[in-house]
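Q:
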Amino acid sequence: MRVVFCFVFFLIGVQLNAQKYDFLQPIEIDIVEVPEPTKVDSIHIEQKDIKGEYWISTVYNPYKYAEDLKFPLQLTFEDSTYASPIGIKKVITSRYGRRRGRAHKGIDIDLITGDSIYSMFDGVVRMARYTRGHGRTVVVRHYNGLETVYAHLSKYGVKENDTVAKGAYLGKGGISGNARGSHLHLVVNYKGVSINPEYIFKFDENNAIRAKEIWLTKKWTQPLAHSSKRQSKIKPLLSEEDAIASLKKLRSIYIVKPGDTLSRISKRNDVTITSLCKVNTIKRNSVLRIGQQLVIEKYP
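full-length UniProt numbering applies: residue 1 is where the sequence shown begins, and numbers increase by one.
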């Protein structure tokens, strides 16, 4: 009897298990082949090596024996503004041009001894040492080829080969070297050639660069063709075509008036005495006659 009951329970269990597994439906699984990850090469961003050529820390102008620049040439900037080299209002006391018969190759900005001096752009300090005339001087080379020079300092804030950011502290202004009163003598050079800073930059409260792409002619690298007492008429050249067209000299006639001298005529017409003498085949000590016609030849 016990055997019969056990057999019955066994059959009931088998049936229940069969019913249980009838509810389980088969599931289809799609097998997706996953490709192997693609190997990505590391990206190398090449930085311009501004120390690659003519990098000499002991010489103010390392380009002295380099090939002459060919004009017109283009200067480019990433920003539309520069960092002011001083922390106060910029007052220009002497401009790029002829001064006391000599070439003044930068601009003088008024300051008080001890005022902080700042780098106008990112760059690397090429020189930070005392030079004759300029006194304590810092020269920063920038990534577009320009070099800015900060002279007559009273204290250095950087050393040679330091990398500096736009607006970085460079030192303190002063009166070192051949300076008449405390001021910053600011020079802008391109491969050893000085450029009239006001042709490129507006020295107002906006710290504006006149153009991100500006063309440079030889006119703006000749201080003797400008006056240190007044700003030259500036019309930035924004294309190569404009630059080439500007190389054509314009001629006009000037009638000598009572009291005129070559010096007065040259200043009035924004030309050099040398140019006046050459164009009119006269000498510096030539006597001018009232009513005499002089040819004025200059770039537009």
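Where a beta carbon is used, it is the ideal one built from N, C-alpha and C, also for glycine.
In whole angstroms, what separates the C-alpha of residue 273 from that of residue 48?
A: Going by the C-alpha atoms only, they are around 43 Å apart.
Q: Under the DSSP definition of a beta bridge, which residues are partnered with residue 292?
A: For residue 292, which the question treats as bridged, DSSP gives no partner whatsoever.
Q: Starting from residue 201, follow its DSSP beta bridges and name the residues at the other end.
A: In DSSP, residue 201 forms a bridge with 209.
Q: For residue 103, list the residues DSSP reports as bridge partners.
A: Answer by DSSP bridge pairing, in chain order: 98.
Q: Output the distance between the C-alpha atoms of residue 280 and residue 236, rounded to the nearest integer angstrom.
A: Cα-Cα distance, rounded: 30 Å.
Q: Do residue 208 and residue 81 count as a contact pair if the criterion is CB distance below 7 Å?
A: Against a cut-off of 7 Å, the Cβ pair of residue 208 and residue 81 comes out as a contact.
Q: Of all the options 278, 276, 299, 257, which has the alpha carbon lying nearest to the alpha carbon of residue 291?
A: Here the closest residue by C-alpha is 257.
Q: Can you find the residues in the same chain that come closer than 7 Å, C-beta to C-beta, to residue 277, ignoring five residues on each side of it along the sequence?
A: 283, 284, listed in sequence order.
Q: When the Cα of residue 297 is compared with those of 288, 107, 270, 289, which residue comes out closest?
A: Of the candidates 288, 107, 270, 289, the one whose C-alpha sits nearest the C-alpha of residue 297 is 270.
Q: With burial defined as no fewer than 16 other Cβ atoms inside 10 Å of the residue's Cβ, what is the status of residue 86: buried or exposed?
A: It is buried - the Cβ of residue 86 has at least 16 other Cβ atoms within 10 Å.
Q: As a quick exercise: from 206, 108, 198, pick the residue whose alpha carbon is nearest that of residue 219.
A: Ranking the options by Cα distance to residue 219, first place goes to 198.
Q: Report yes or no: do three or more beta-carbon pairs, one from the region 114 to 131 and one from the region 172 to 186, lie closer than 8 Å?
A: Touching, yes.
Q: Bridge partners for residue 255 per DSSP, in chain order?
A: Per DSSP, 293.
Q: Just how far apart, CA to CA, sit residue 83 and residue 147?
A: The alpha-carbon atoms of residue 83 and residue 147 are separated by roughly 14 Å.
Q: Taking the alpha helix (DSSP H) that residue 265 belongs to, which residues open and close that run?
A: Taken as a continuous stretch (DSSP letters only), the alpha helix (DSSP H) holding residue 265 covers 262 to 269.
Q: Here's the rule I'm using: 16 or more other beta-carbon atoms within 10 Å means buried, otherwise exposed. How should residue 79 be labelled?
A: Exposed, because fewer than 16 other Cβ atoms sit within 10 Å of the Cβ of residue 79.
Q: Note down the Cα distance separating residue 204 from residue 289, rounded to an integer number of angstroms.
A: Roughly 44 Å separates the two Cα atoms.
Q: DSSP on residue 179, reduced to helix/strand/coil?
A: In this structure, residue 179 counts as coil in the three-state DSSP scheme.
Q: Using alpha carbons as the reference points, say which of 253, 114, 177, 192 lies closest to residue 64.
A: Among 253, 114, 177, 192, the Cα nearest to that of residue 64 is on 192.
Q: According to the Cβ coordinates, are residue 226 and residue 101 closer than 7 Å?
A: Against a cut-off of 7 Å, the Cβ pair of residue 101 and residue 226 comes out as no contact.
Q: Below 6 Å CB to CB, which residues in the same chain sit around residue 136 once its five sequence neighbours on both sides are set aside?
A: The answer, listed in chain order, is 130, 153, 176.
Q: In terms of residues, what are the limits of the beta strand (DSSP E) holding residue 151?
A: 146 to 156 is the span of the beta strand (DSSP E), which, as asked, contains residue 151.
Q: On a CA-only basis, which of 293, 252, 222, 61 is nearest residue 71? Give me that one, please.
A: Comparing Cα positions, the closest option is 222.
Q: What do you reckon, are the CB atoms on residue 107 and residue 95 nearer than 7 Å?
A: Yes.
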